[in-house]
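Written out below as structure tokens is the structure these notes cover.
Protein chains: 2
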Amino acid sequence: MNIFLNTIGAVNDATRVEILHFINTNGEVCVCDIENSFLMIQSRISRHLKILKDAGFLKVDRRGRWAYYSVRTPMDEFRQSILKEIGSLDIKIPLLNKGCKSE
Amino acid sequence: MNIFLNTIGAVNDATRVEILHFINTNGEVCVCDIENSFLMIQSRISRHLKILKDAGFLKVDRRGRWAYYSVRTPMDEFRQSILKEIGSLDIKIPLLNKGCKSE
DNA sequence: ATTACACATCAATATATCTTGATATATTAT
DNA sequence: ATAATATATCAAGATATATTGATGTGTAAT
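Residue numbers (my numbering), protein chains in the order written: chain A, 19 to 121; chain B, 19 to 121.
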């Protein structure tokens with residue numbers, strides 16, 4: 019039950035649904051890209067990414083000073099059905115706006 | 019987005035997941051049966067049933083002074099996948115304990 | 001070693017949600 | 001009409017969750 023509620027709770031927030039859809043659409047992005055695209059402060063983004071990661075939707079790959087987030091693969095059927103449903107909604111997400119000052 | 023969050027929010031609560039699983043297991047039940055099986059006060063049950071109904075998981079059939087709740091049919095693929103996932107969890111639900119004082 | 005950037009976490013506050021008891025409404029039997 | 005049962009809704013307090021700014025950690029360049 020706890021795992022279920024954790025999974026469900028992660029997508030029970032408009033901001034997280036948007037971020038998840040953004041990553042699912044754009045593929046691997048780093049935190050500063052999300053920060054720059056959504057115009058939200060970094061700590062807020064970071065917190066939401068942690069929740070989505072802990073719930074099994076995202077994975078992180080740290081390379082250098084950046085943390086690259088992407089949709090976790092492989093993914094179980096239930097989480098896939100949630101992703102599919104989110105994809106079918108007509109959610110407005112910002113354009114990818116690269117935010118890292120050096121690379 | 020709002021419909022999605024409403025659907026998700028309805029199953030983002032242990033009590034509601036248990037009630038939903040209970041109805042999915044036992045078929046059509048009336049409110050006093052749930053009240054008597056779960057040993058919860060009536061207003062609490064009623065509130066949760068309303069949320070599950072408004073989220074598209076349950077339907078009501080009023081006959082006489084009773085309100086009979088059951089899983090809504092037909093049900094879209096996404097809600098079905100949620101029900102399926104809940105069914106796969108190992109959720110403890112009480113035995114059906116008929117509670118209506120007359121019938 | 002120092003500076004700059006990327007990211008994570010903490011603590012306080014704000015906001016939303018759940019629970020509960022009381023109260024209201026509706027139906028049926030007498 | 002009155003009483004009893006079934007159900008719904010309201011308002012208050014309790015609890016959980018989100019947001020924010022500050023602070024901490026790690027990496028890379030100078």
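We put the CB at the ideal spot given by N, CA and C, even for glycine. The structure presented is a predicted model; accordingly, all values stated were derived computationally and were not measured.
> Between the stretch 111 to 118 of chain A and the stretch 50 to 57 of chain A, are three or more C-beta pairs nearer than 8 Å?
Replying inline: yes
>> In this structure, how does DSSP classify K12(B) when only helix, strand and coil are distinguished?
In response: Here chain B covers residues 19 to 121 and nothing more, so residue 12(B) does not appear.
> Does the separation of the CB atoms of F75(A) and A28(A) fall below 8 Å?
Replying inline: Counting from 1 along the first sequence, the entry for residue 75(A) is found at position 57. Counting from 1 along the first sequence, the entry for residue 28(A) is found at position 10. In this structure, F75(A) sits near A28(A), with a CB-CB distance shorter than 8 Å.
> What in chain B is Cβ-close to L101(A), meaning under 9 Å?
Replying inline: As a working note, residue 101(A) is residue 83 in the first sequence. In chain order: nothing, as chain B lies at least about 11 Å away.
> Starting from K77(B) and walking both ways along the beta strand (DSSP E), at which residues does that stretch end?
Replying inline: The count along the second sequence starts at 1 and reaches residue 77(B) at position 59. Unbroken beta strand (DSSP E) run through K77(B): L76 to R81.
> Any beta-carbon of chain A closer than 8 Å to the one on V29(B)?
Replying inline: As a first step, residue 29(B) must be located in the second sequence, where it is residue number 11. Cβ-Cβ to chain A under 8 Å: yes for V29(B).
> How would you write the range of the alpha helix (DSSP H) that A28(A) sits in, first residue to last?
Replying inline: As a first step, residue 28(A) must be located in the first sequence, where it is residue number 10. Taken as a continuous stretch (DSSP letters only), the alpha helix (DSSP H) holding A28(A) covers N20 to A28.
> Using 8 Å as the threshold, is the stretch 98 to 112 of chain B in touch with the stretch 58 to 65 of chain B, meaning 3 or more CB pairs across them?
Replying inline: The stretch 58 to 65 of chain B and the stretch 98 to 112 of chain B do not touch, with fewer than three beta-carbon pairs separated by less than 8 Å.
> Straight-line CA distance for F96(B) to V89(B)?
Replying inline: The residue labelled residue 96(B) in the question sits at position 78 within the second sequence. The residue labelled residue 89(B) in the question sits at position 71 within the second sequence. About 14 Å.
> Residues of chain B with a CB under 7 Å from the CB of L57(A): which are they?
Replying inline: Numbered from 1 along the first sequence, position 39 holds the residue referred to as residue 57(A). Under the 7 Å cutoff, chain B gives no residues; its nearest Cβ is about 19 Å from L57(A).
>> Here's the rule: buried if 16 or more other CB atoms are within 10 angstroms of the residue's CB, otherwise exposed. What is I59(A)?
In response: Translated into positions along the first sequence, residue 59(A) becomes position 41. When all chains shown are included, I59(A) counts as exposed.
>> Please classify E36(A) as buried or exposed, where buried requires at least 16 other C-beta atoms within 10 Å of its C-beta.
In response: Translated into positions along the first sequence, residue 36(A) becomes position 18. Classification of E36(A): buried, given that the 10 Å Cβ count is 16 or more.
> Measuring CA to CA, which of D72(B), Q98(B) and I21(B) is closest to Y87(B)?
Replying inline: Position 69 of the second sequence, counted from the first residue, corresponds to residue 87(B). The shortest Cα separation from Y87(B) among D72(B), Q98(B) and I21(B) belongs to D72(B).
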